[in-house]
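All remarks here apply to the structure that follows.
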Amino acid sequence: MQKALKNIDKYGYYVQESCFSESYCEKLKKILIEAPLDSVVQNKDKDFHGSNTTIIPNILPLNEAFINLAMNEKFINLASEYFKPGQFPSEKDPFQLSLMHARKVSKGAPAQELHIDSRLCGAKPPLLLHIFIYLDDCLCEGSGATQIVPGSHEYNRYSNQGDYLNTRELRVPKGSVVYLNSNLYHGSSAKKTDDDRWIITLAYSRWWIRQPAAIPYFTGWPRELSIEEKRLFGFFNYAEGNNNLRPGKSRGPLPKLVPENIDY
Ligand SMILES: O=C(O)CCC(=O)C(=O)O
8 MQKALKNIDK YGYYVQESCF SESYCEKLKK ILIEAPLDSV VQNKDKDFHG SNTTIIPNIL
68 PLNEAFINLA MNEKFINLAS EYFKPGQFPS EKDPFQLSLM HARKVSKGAP AQELHIDSRL
128 CGAKPPLLLH IFIYLDDCLC EGSGATQIVP GSHEYNRYSN QGDYLNTREL RVPKGSVVYL
188 NSNLYHGSSA KKTDDDRWII TLAYSRWWIR QPAAIPYFTG WPRELSIEEK RLFGFFNYAE
248 GNNNLRPGKS RGPLPKLVPE NIDY
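See below:
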């Protein structure tokens, strides 16, 4: 883990090859392929994601496999260390799951423009940690690998055309995991090969950053969530039960979802 943290700090990313088995990747991919159509977005030419790409924006409530993945011990341990700088000493839950989605690029998908996911360039200490899980091999030119600009997480500016000269493609086998400081310039490269390339993206953020979609308000969870899961998913970052907020100063209750008398 120290090596991963050091690399994320220095270069803005870390690649861990073949972390998950082939059968696990296939199992997750099957769930995504069979996802209800109303949870899937097909993208158009002019979208940020570009043509021949598919997004499933909120996969967390689709299947308990994704709940378990968000709770992955390695991810949580790494995030715990990653967010320590800048953390208020008495904070109990310094980070939360920010989002979890899936993205498929198919033959003909153009390169995605370089961008940052943290919204605030050069933010230090960092605000978010992004994790890409590759469900398909991405090993050759044209396979739609993620491209990154090493070291760009430190830049106090947004990306421009000149940055494309300094990109590096992350060609990795199925089951690999890529950790990104979310300030890092990145985007997928053009997809020219016949096979589809799926990745799962999950991000953890400091607890006080708005989740792009309010996870505690999702409905139709595939199973009851444990208190630990609810803590990670931000259920207590909106309401009375949040020990990080001063008593009486909560930002609006979430009465149906927060169990009473919680003591954690
Ligand atoms: O698909 C990829 O490799 C990167 C996706 C990405 O950066 C995004 O959708 O924001």
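Numbering-wise, the sequence shown is residues 8 to 271 according to the numbering used here. Ideal Cβ positions, reconstructed from N, Cα and C, are used throughout, including at glycine. All figures in this text were calculated on a predicted structure; none of them were measured in a lab.
- Looking at the DSSP output, H122 shares a beta bridge with H193.
- Relative to ligand 1, the beta carbon of I206 is positioned inside 7 Å of a heavy atom.
- Shown here, K37 sits in a helix according to DSSP, grouped into three states.
- Proximity of the beta carbon of H160 to ligand 1 is not indicated: no heavy atom of the ligand is located closer than 7 Å.
- The residues H137, S189, in chain order, have a CB closer than 6 Å to that of D124 in the same chain once the five nearest residues on each side in sequence are set aside.
- The straight-line gap separating the alpha-carbon atoms of G158 and L127 is approximately 15 Å.
- Assigned with DSSP and collapsed to three states, N75 falls in helix.
- The three-state reading of DSSP puts F139 in strand, counting E and B together.
- Here G194 has A118, Q119, E120, L121, H122, T153, Q154 as same chain residues with Cβ atoms under 8 Å from its own Cβ, once five neighbours each way along the sequence are excluded.
- Residue A109 holds the alpha-carbon nearest to the alpha-carbon of C32 among A109, E80, Y186, N65.
- Sequence-distant Cβ neighbours of S212 in its own chain, meaning closer than 7 Å and more than five residues away, are F102, Q103, S105, L134, L135.
- Under the 8 Å Cβ criterion, the segment 198-206 does not count as touching the segment 65-72, having fewer than three qualifying pairs.
- Here A72 is actually not in contact with Y186; their C-beta atoms are around 20 Å apart, not less than 8 Å.
- Sorting F243, L35, D16, Y18 by C-alpha distance to the C-alpha of T208 places L35 at the top.
- Note that the C-beta distance between K111 and T60 is below 8 Å.
- Counting C-beta atoms within 10 angstroms of its own C-beta, F242 has 16 or more neighbours from the protein chains shown and is therefore classed as buried.
- Excluding residues up to 5 positions away in sequence, I63, L69 lie with their Cβ nearer than 7 Å to the Cβ of A42 in the same chain.
- With fewer than 16 other Cβ atoms from the protein chains shown falling within 10 Å of its own Cβ, C147 counts as exposed.
- For Q23, the shortest C-beta to heavy atom distance toward ligand 1 is 7 Å or greater.
- For N188, the uninterrupted beta strand (DSSP E) segment begins and ends at 184-188.
- DSSP places S97 outside both helix and strand once states are collapsed to three, so it counts as coil.
- Taking C-beta separations shorter than 6 Å and ignoring five residues to either side along the sequence, the partners of S150 in its chain run T200, following chain order.
- Distance from the Cα of S25 is smallest, within the candidate group V184, A197, G227, A220, for V184.
- Our two residues, N244 and W215, have alpha carbons roughly 7 Å apart in a direct line.
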